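Novice:
4 protein chains.
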Amino acid sequence: MRVSEGQLVLLVSEDDKTYLVQYRPGGKFVFHHGGITFPDELYFGDVLETTQGRKVMVLEPSTAELMIKVRRRTNIIYPREAGYIITHTNIQSGSRVVETGSGSGALTIALARVVGPQGRVYSFERRHEHLERAIENVRRAGLLDRVEFQLRDPAREGYPVGNVDLAVIDVPEPWTLVPAVRDALRGGGFWASLVPTVEQVVETVDALREHGFVTIRTVELLEREILVRRGKTRPRETMIGHIGYLTFARKLR
Amino acid sequence: MRVSEGQLVLLVSEDDKTYLVQYRPGGKFVFHHGGITFPDELYFGDVLETTQGRKVMVLEPSTAELMIKVRRRTNIIYPREAGYIITHTNIQSGSRVVETGSGSGALTIALARVVGPQGRVYSFERRHEHLERAIENVRRAGLLDRVEFQLRDPAREGYPVGNVDLAVIDVPEPWTLVPAVRDALRGGGFWASLVPTVEQVVETVDALREHGFVTIRTVELLEREILVRRGKTRPRETMIGHIGYLTFARKLR
Amino acid sequence: MRVSEGQLVLLVSEDDKTYLVQYRPGGKFVFHHGGITFPDELYFGDVLETTQGRKVMVLEPSTAELMIKVRRRTNIIYPREAGYIITHTNIQSGSRVVETGSGSGALTIALARVVGPQGRVYSFERRHEHLERAIENVRRAGLLDRVEFQLRDPAREGYPVGNVDLAVIDVPEPWTLVPAVRDALRGGGFWASLVPTVEQVVETVDALREHGFVTIRTVELLEREILVRRGKTRPRETMIGHIGYLTFARKLR
Amino acid sequence: MRVSEGQLVLLVSEDDKTYLVQYRPGGKFVFHHGGITFPDELYFGDVLETTQGRKVMVLEPSTAELMIKVRRRTNIIYPREAGYIITHTNIQSGSRVVETGSGSGALTIALARVVGPQGRVYSFERRHEHLERAIENVRRAGLLDRVEFQLRDPAREGYPVGNVDLAVIDVPEPWTLVPAVRDALRGGGFWASLVPTVEQVVETVDALREHGFVTIRTVELLEREILVRRGKTRPRETMIGHIGYLTFARKLR
């Protein structure tokens, strides 16, 4: 697939370092293995040579890599939790989704790739500097056509949209958003939230129950990388022990 | 959201039993809490009453529930692995994907919901009875417009399509498909496969390396349900210990 | 090793069923593969034949099997948590340990095997029927010489012993025992407790902090069985998702 | 408990750094918070003040801390696996155990504390520098009275002892030791081995089966630390993803 001008490419060096870079014909990128100048015609899967004679692979980023490589100040990144949200709700090509807060836009990117140009992600954020960065990150990923960002605290002001299919909540106090989400969701619509601590989960689940949400369910995910080498296959010695607890629920009519 | 004729609804009984049923105005459904007759106008989030005076919620199924509730003979179901595939490859609204084998169509459903009507899933299966069931399950889920099924063994015959974005492999010998997938994928395209045993992973990774695939990575996922009740919060005592190992790779040009 | 009269043996049938039985020369044991009569001379590792011509192995039980096979009404069994306690405290041959409550005596057995005949386990239980059963189970395991049982609630009455090396707490409200344990432990002595819920852990840790305990640490353990068969090696599909949270602490002088 | 001359104490600084130090009256210890001089009379649970006016707790080390803090070149430490071995075999006060290899003596320490002065650990190591270090570490832990070290490769030379209760194997090729262990174990005796890779497990289990061992079982353990702070309780973000696979078996007569 030919890379379009402005599209993000994942550069992978010989020593497996990765860089997410915007492609411009004639654009330059310099790193610890030397520099490259992008050719006028570039395809995913190409291998370029640096000024030091080292090889660089030009790859299409996965959704996970787009999420992990966004410019951000926050530490939390969670492609596997995003994937779990995608298959454990109703989201699909064409869905209308509200997201609170925007954070660095990482989760926004995962949702926007699924809803597609016919769908819509409404993303709300109450901190101005986060919103700016999220917009810039989603723009770089080429997905701004299907995302509407707004500086707003839906816990106090409610959502300016209604009848949405899914609400994804990624703020420290999800329980404050339950009434607003209830108003914004259509009948049968889904709630999905992520928090790091047990006490936040308990508050959230209590609020969901009080407001009549049903099929409430909380899970956590563990991911283990397996180092596969014939004769020496074993799990990696380090792993991430905790990202957060995912809570799902549905609204009755 | 109003339920259309023929659409699948998830019925949830008072005792949390769930049933995936096709909606027909005037259609009947009988279960251990009595019977219901579907009204002419039905909305997701409605609550119906059975002939025994018990309540039944009418909910929109999640992708996971569509996957789990397909008619099948095989035991393996894996919404969380499907979610991980979705966020750790390039799949998105509009993608062109090959799937081998179709199995019961569960994974096909998850992929088809993401690629949307502009995308395409080409699903190959070598066993006739599996193919029939997969087609029926995808049809029931309302996604047959974007899936092309074919009775074929791509390991021997190759893929009849090319330049695809992603190949998802769910057969016992993924390594036999590596050359065919290599031909079918475009540059930078993704490989994703799932197998239950370590030895299968080793064979698969070896074949991917031999055929020049890059960024090869294997993971397994663990999922824990948390029972959230104020004062009594704890993980569920039982959990699934193993589904399989996911392997990802990319093709160079 | 020759089996002594009265010693517990683990019988393993051809289909891997296990039975913990007390050996008596001439004693009989009947199960689904027929009956056996114990010979006058029996050794661990012997294979007997049943009246139906099936084989039965006579094995020495592991500590875990002694724990799991005690006569009990409670569900919680935790050889792996017992092992973790043993290596993460100061317990060793010769130690003096208090245990509260006795439960079915399973944990008592694990502790008693380590402290040996020179050590001592003081085991307290407030429910009479539990105490009776624990005593019987420890007697059957041949360890009653080093265990002193007492019907007592140390939360209200304190411990009748002092200067102990370790306190192991297995009751629903460990925090009620913190002051009594503080009095009973010698300087540098260890606290180890096990509870199933997060809220219990929080209460326990708070109480330990308030009463000056140090090096407080909480862990949970997950255990996965691997089915090892050449060419088909994989983790078992089911596993125990949760037993409880272990909390450790030490007393200053 | 009064600390004896030569006994190991765990020093814990105000910032939770830990040091395992041998106590000598009048002995000095200097670290980043200043220096301390050990008093003539020292008790576990004492708090000393450094020359910089900082506090240091004097604690009795747990078995795990004795294991982790041994002087060593190898990376692998596994108090939780040691605990699992202790409760899933027949080891107890008075047992006779063979260990191969000695490594840094960490596992030797855990076994020696359980078998007590009436028991015996026979520890074999084929590399001279390892043996030296193991002896030194076990001596420092005050357990040399019950351990017999020998420079020997039992895979080639067999074991010089027989009729042992348990064999613990911690070498890269456990399968080479199966025949020798079979000769050394008494009927009903236990095998316990630990290896990091799947292929090693498969070899080991195959050899055990071939040589008639029974009740063969393989497990792996995962440990998660929980950070318990009221209102902010959650698992630690990092964890150890893999230590190794434990395999257990028993010998028939």
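Protein chains in written order, with numbering that gives the first Met the number 0: chain Y, 0 to 252; chain P, 0 to 252; chain S, 0 to 252; chain B, 0 to 252. Just so it is clear, CB atoms sit at the ideal spot from N, CA and C, and this is done for glycine as well. Remember, it's a predicted structure, so these values are computed and weren't measured experimentally.
The region 78 to 90 of chain P: which residues have C-beta closer than 7 Å to a C-beta of chain Y, in chain order?
Specialist: Hits within the stretch, in order: P78, R79, A81, G82, Y83, I85, T86, H87, T88, N89.
Novice: Give the interface partners of P234 of chain Y over in chain B, defined as CB-CB distance under 7 Å, in chain order.
Specialist: The contacting residues are G240, H241.
Novice: How should S3 of chain P be labelled, buried or exposed, when 16 other C-beta atoms within 10 angstroms of its C-beta is the threshold for buried?
Specialist: Exposed: under 16 other Cβ atoms inside 10 Å.
Novice: Mind listing the chain Y neighbours of D14 of chain P? Cutoff is C-beta to C-beta under 9 Å, in chain order.
Specialist: Ordered by position in chain Y, no residue passes the 9 Å Cβ test against D14 of chain P, which lies about 13 Å from the chain.
Novice: Can you grab the Cα-Cα spacing for the pair N162 of chain Y / V120 of chain Y, in whole Å?
Specialist: Approximately 13 Å, taken between the alpha carbons.
Novice: DSSP on L251 of chain Y, reduced to helix/strand/coil?
Specialist: Reduced to three states, the DSSP call for L251 of chain Y is coil.
Novice: Could you tell me the boundaries of the alpha helix (DSSP H) in which I84 of chain P lies?
Specialist: Its alpha helix (DSSP H) spans residues 78 to 86.
Novice: Output needed for V218 of chain Y: all residues of its chain with C-beta closer than 6 Å, excluding positions within five of it in sequence on either side, in chain order.
Specialist: If we look at V218 of chain Y and ignore the five residues flanking it on each side, its Cβ neighbours are L245.
Novice: Does the region 46 to 62 of chain P come within contact of the region 3 to 12 of chain P, defined as at least 3 CB pairs closer than 8 Å?
Specialist: Touching, per the Cβ criterion.
Novice: Using DSSP bridges, identify the partner residues of Q21 of chain Y.
Specialist: Q21 of chain Y is bridged to Y:L7.
Novice: Along chain Y, in chain order, which residues have C-beta atoms closer than 7 Å to that of R223 of chain B?
Specialist: Simply G240.
Novice: Please report how far the alpha carbon of A133 of chain S lies from the alpha carbon of V55 of chain S, in whole angstroms.
Specialist: Roughly 28 Å separates the two Cα atoms.
Novice: Counting only beta-carbon separations shorter than 9 Å, does K6 of chain Y have a partner in chain P?
Specialist: Sequence inspection shows Gln at residue 6 of chain Y; the Lys mentioned does not correspond to that position. Chain P, which has no Cβ nearer than 9 Å to the Cβ of Q6 of chain Y, makes this no.
Novice: Who are the neighbours of D45 of chain S on chain B, taking C-beta pairs under 9 Å?
Specialist: Within 9 Å Cβ-Cβ: G186, G187, L251, R252.
Novice: Give a yes or no on whether 9 Å exceeds the smallest Cβ distance from T237 of chain B to chain Y.
Specialist: Judged by the 9 Å Cβ criterion, T237 of chain B is in contact with chain Y.
Novice: For the region 203 to 228 of chain Y, enumerate the residues whose C-beta is nearer than 9 Å to any C-beta of chain P, in chain order.
Specialist: For the region 203 to 228 of chain Y, which is checked against every Cβ of chain P, the residues closer than 9 Å are T203, V204, D205, V213, T214, I215, R216, T217, V218, E219, L220, L221, E222, R223, E224, I225, L226, V227, R228.
Novice: If I follow the unbroken alpha helix (DSSP H) through D164 of chain Y, where does it start and stop?
Specialist: Segment 163 to 168 is the beta strand (DSSP E) holding D164 of chain Y; no alpha helix (DSSP H) there.
Novice: Say whether chain B places a C-beta atom closer than 9 Å to the C-beta of V258 of chain P.
Specialist: This structure cannot settle anything about residue 258 of chain P, because the visible part of chain P is limited to 0 through 252.
Novice: Roughly how many whole angstroms lie between the Cα atoms of R208 of chain S and Q199 of chain S?
Specialist: Rounded to whole angstroms, R208 of chain S to Q199 of chain S spans 14 Å at the Cα level.
Novice: Rounded to whole angstroms, what's the CA-CA distance from G33 of chain P to E172 of chain Y? Just pull it up for me.
Specialist: Cα to Cα, G33 of chain P sits roughly 41 Å from E172 of chain Y.
Novice: Return the CA-CA distance between G157 of chain Y and V97 of chain Y, expressed in angstroms with no decimal places.
Specialist: In a straight line, the C-alpha of G157 of chain Y is about 12 Å away from that of V97 of chain Y.
Novice: Given that G52 of chain Y touches chain P, what residues does it touch there, using C-beta distances under 9 Å?
Specialist: Going along chain P, no residue has its Cβ under 9 Å from G52 of chain Y, so there is no contact; the nearest lies around 18 Å.
Novice: At the 9 Å Cβ level, is V197 of chain P part of the contact set with chain S, yes or no?
Specialist: Taking Cβ atoms only, chain S reaches closer than 9 Å to V197 of chain P, which makes this a yes.
Novice: Looking at the C-beta of S42 of chain S, does it have a partner C-beta in chain B at a distance below 9 Å?
Specialist: It should be noted that the sequence gives Tyr, not Ser, for residue 42 of chain S. True, the Cβ-Cβ gap to chain B drops below 9 Å.
Novice: Is it buried or exposed for K250 of chain B, if we count other Cβ within 10 angstroms and need 16 for buried?
Specialist: Classification of K250 of chain B: buried, given that the 10 Å Cβ count is 16 or more.
Novice: Buried or exposed for R228 of chain Y, going by 16 or more other Cβ atoms inside 10 Å?
Specialist: Looking at its Cβ environment, which holds fewer than 16 other Cβ atoms inside 10 Å, R228 of chain Y is exposed.
Novice: Note down, in chain order, every chain Y residue with its Cβ under 8 Å from the Cβ of G230 of chain B.
Specialist: In chain order: T196, E198.
Novice: Report yes or no: is there a C-beta of chain D within less than 9 Å of the C-beta of L165 of chain Y?
Specialist: Given the protein chain composition of this structure (Y, P, S and B), no chain D is represented.
Novice: For R235 of chain Y, which residues of its own chain have a beta-carbon under 8 Å away from its beta-carbon, when the five flanking residues on both sides are left out?
Specialist: The answer, listed in chain order, is R223, E224, I225, L226.
Novice: For K231 of chain S, which of P:A206, P:F212, P:R151, P:T196 has the nearest alpha-carbon?
Specialist: Comparing Cα positions, the closest option is P:T196.
Novice: Restricting to Cα atoms, I'd like to know which of B:R151, B:A154, B:G141, B:N136 is closest to R71 of chain B.
Specialist: Comparing Cα positions, the closest option is B:N136.
Novice: Express the C-alpha separation of R252 of chain B and L184 of chain B in angstroms, rounding to a whole number.
Specialist: Using only the alpha carbons, I get a separation of about 9 Å.
Novice: Would you say R95 of chain B and Q21 of chain B are within 9 Å of each other, going by their C-beta atoms?
Specialist: No, the Cβ-Cβ distance between R95 of chain B and Q21 of chain B is not below 9 Å.
Novice: Where does Q149 of chain B fall in DSSP's three states?
Specialist: Q149 of chain B: strand per DSSP, three-state reduction.
Novice: At a CB-CB cut-off below 8 Å, which residues of chain B make contact with T175 of chain S?
Specialist: Correct list: empty, because the minimum Cβ distance to chain B is about 18 Å.
Novice: Scan the region 111 to 155 of chain P and note each continuous beta strand (DSSP E) run of 3 residues or more that stays entirely inside, going in chain order.
Specialist: For the region 111 to 155 of chain P, whole beta strand (DSSP E) runs of length 3 or above, ordered along the chain, are 119 to 124, 146 to 150.
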